[in-house]
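Right, one structure below, let's go through it.
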Amino acid sequence: MPSSISDAGLGEAIRAQALAEGFDVVRFARADAPPAASQRLTTFLGEGRHGTMEWMARNAERRADPAVLWPAARSVIVLGLNYGPDGDPLAMLERREVGAISVYARGEDYHDVIKAKLKRLAGEMVRRFDCEMKVFVDTAPVMEKPLAQAAGVGWQGKHTNLVSREFGSWLFLASIFTTLDIAPDAPESDHCGQCTRCLDVCPTAAFPAPYQLDARRCISYLTIEHKGHIPREFRVAIGNRIYGCDDCLAVCPWNKFAQAGHEQRLAARAELEAPPLRALAALDDAGFRAMFRKSPVKRIGRDRFVRNVLIAIGNSGDTALAADAERLLGDASPLVRAMAVWALRRLGITPPRPRPDEDFEVLSEWNSNNVTHETKNVDLPDAHREHAG
Ligand code: B12
Ligand code: SF4
Ligand code: SF4
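The numbering of the sequence shown is our numbering, which starts it at 89 and goes up by one.
Put into structure tokens, the structure is as follows:
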């Protein structure tokens, strides 16, 4: 490191560079993980709450402790990028003829936007300060939320996401590990108090207790990460959420300080704000890829996406959409055919009898008459009740 820069000056120089790159928050933590986080990750995995996200268990040791991930790291630069919406993010849930795409996925893929910024920033730092740097945004096994809390970016709220006093729920997180010794910032403390709004609003009762999430019940997991058939018990509660869910984020009272994000590439594309279910159900592979070019939605592929759209069609109550579901009974993907059966039933229409050699899952969907399983907070786990009271 050049001798002209003091310890305090080093942090300030990095902060100035990161702000110039467009990050909204830049703070520093030591590279040793907050000790509680690794134990809690073990509990999360031990309870199987990661569902089919096997990658979380595969690299648990490195995820739990940055020192295992990269032993040479001394400090972590934690960065936040504001993606605050400029309207009510839940307004779309009332419009049953359209699909609700969660706020984070209405613009370009944040991984790409942030990674480009991180690489430029790290490159500049390496040139100036003779150090090593590794950049992470969600793609490597790093526990970004506890690190961000340790750096004072915000605190992990009862919905488990990081809440910022300045930006509410709407911050993407990223980090740069470095061999530099940067003076750490003070950690943030919990400001949830007696509030339980996020726990109470969850349509699928995904919080077994405050500060704990069972991903297997979360609509974000079910519509994005889960590759198979979505369990019946959650389909009604999913409503028209076709990619992710913002409910627990949107109701947080700390959003009163939030501001609309300024990064244009993350701003909602007009056609993704209220896409009609009919048009989405008609997408083939090429159409899907064209519509979701550069969007995070492209990650789940056309079949999984149309699976989600069919659930929304079933929940729309709009029998005018039945023909769209009926056409998809002949789709090449069993994931899609099974949900077409469910959607028709939910609209009160008996689907035509399937071929005897139909896929097992599609047949069992056909044989199941139950389309009205409702999970909306009827069955709250005891631990949740205690705190919600
Ligand atoms: C896996 C994952 C998911 C999974 C699991 C989410 C989860 N809460 O674990 C699923 C697919 C469900 C998901 C959903 C979403 N995700 Co996500 N996800 C991740 C990822 C890749 C890893 C998170 C992780 O390590 N989970 C494992 C658990 C054990 O960790 P944890 O949540 O930190 O658990 C803590 C609490 O349980 C707590 N705890 C347990 N008991 C107790 C008790 C007390 C008293 C206290 C204080 C704490 C406490 O300690 C644990 C350790 O810190 C991160 C990126 C990253 N690398 O960190 C993004 C990330 C968390 N996701 C993000 C986003 C935006 C979302 C969604 C909002 C997207 C959407 N709109 O649909 C939803 C929100 C759902 C929710 N309520 O969490 C952002 C959150 C930004 C922020 N401000 O916090 C991240 C950081 C991505 C990013 N780079 O910006 N996600
Ligand atoms: S994202 Fe939606 S389903 Fe998941 S925990 Fe939050 S409110 Fe519940
Ligand atoms: S809604 Fe309430 S309990 Fe949930 S994170 Fe915000 S302040 Fe905390």
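Even for Gly, the Cβ is constructed at its ideal location relative to N, Cα and C.
Residue i and residue j closer than 7 Å at C-beta
i, j, result
"T407", "L435", "yes"
"V478", "L206", "No statement about residue 478 is possible, as the shown extent of the chain runs from 89 to 477 and does not include it."
"C290", "G245", "no"
"R395", "M427", "yes"
"C306", "A294", "yes"
"A239", "A117", "yes"
"H138", "A297", "no"
"I33", "I326", "There is simply no residue 33 to check, as the chain begins at 89 and stops at 477 in what is shown."
"A148", "L133", "yes"
"A125", "P275", "no"
"R353", "V201", "yes"
"G99", "A271", "yes"
"V164", "A106", "no"
"G172", "A431", "no"
"R150", "P229", "yes"
"N343", "G405", "no"
"I437", "A410", "yes"
"H317", "E449", "yes"
"P439", "V429", "yes"
"F115", "V166", "Sequence inspection shows Arg at residue 115; the Phe mentioned does not correspond to that position. Against a cut-off of 7 Å, the Cβ pair of V166 and R115 comes out as a contact."
Reference residue i; option with closest CA among the options
i, options, result
"R425", "N403, G405, V397, Q300", "V397"
"V339", "D288, Q347, V324, L360", "D288"
"L478", "V191, E414, A303", "Residue 478 lies beyond the stretch modelled for the chain, which goes from 89 to 477, so this question has no answer here."
"A346", "S421, S252, V394, E109", "S252"
"L261", "S126, E149, V113", "V113"
"G332", "N343, L310, L423", "L310"
"A413", "Y171, W342, A370", "A370"
"P341", "G99, W243, R285", "R285"
"G175", "E361, A400, G242, T438", "E361"
"A236", "P154, R208, H314, I189", "P154"
"N170", "P440, A101, L129, G242", "G242"
"W143", "F255, R392, H314", "H314"
"M231", "D218, E220, T248", "T248"
"R320", "G402, P159, A420, S421", "G402"
"R433", "D447, E446, L417, P422", "L417"
"A356", "A188, R146, G168, A101", "A188"
"P422", "R215, S452, A411, A410", "S452"
"T266", "E212, D373, L259", "E212"
"Q300", "A101, G97, V156, T131", "T131"
"L157", "R215, R115, I264, A204", "I264"
"P363", "D419, G97, L181", "L181"
"D419", "D372, F376, S308, F322", "D372"
"F322", "E351, T292, L337", "T292"
"G97", "S456, F217, K203", "F217"
"D334", "S308, A358, H350, V324", "S308"
"R184", "A204, V324, Y198, A108", "V324"
Cβ separation of residue i and residue j, assumed to be a contact under 8 Å, to the nearest whole Å
i, j, result
"D273", "R162", "Not confirmed; about 15 Å, so no contact."
"E196", "K382", "5 Å"
"W454", "P442", "5 Å"
"A160", "E220", "7 Å"
"E214", "N328", "The sequence shown places Val at residue 214, rather than the Glu named in the question. Going by Cβ atoms, the distance from V214 to N328 rounds to 46 Å, so no, they are not a contact pair."
"P384", "A145", "Wrong, their Cβ atoms sit about 23 Å apart, outside the cutoff."
"L259", "G375", "Contact doesn't hold; Cβ gap of about 33 Å is too wide."
Checklist entry - Taking only runs of the beta strand (DSSP E) that begin and end inside the region 217-270, which ones reach a length of at least 3 residues, in chain order? => result 221-224, 259-266
Checklist entry - Could you give the uninterrupted runs of the alpha helix (DSSP H) lying entirely in the region 387-459, keeping only those of 4 residues or more? => result 389-404, 410-415, 422-434, 448-455
Checklist entry - Who sits around ligand 3, taking every residue whose Cβ is closer than 6 Å to one of its heavy atoms? => result G245, K246, H247, V251, C280, C283, T284, R285, C286, V339, C340, P341, W342
Item to check | Length-filtered (4 minimum) alpha helix (DSSP H) runs lying within the region 137-170 | outcome: 142-146, 148-152, 154-157
Checklist entry - Going along the chain, which unbroken runs of the alpha helix (DSSP H) with 4 or more residues stay wholly within the region 320-376? => result 320-326, 335-338, 358-361, 365-369
Next on the checklist: What ranges does the alpha helix (DSSP H) occupy inside the region 175-214, keeping only unbroken runs of at least 4 residues that lie completely in it?
Outcome noted: none
Item to check | alpha helix (DSSP H) runs wholly inside the region 268-314, at least 4 long, in chain order | outcome: 285-289
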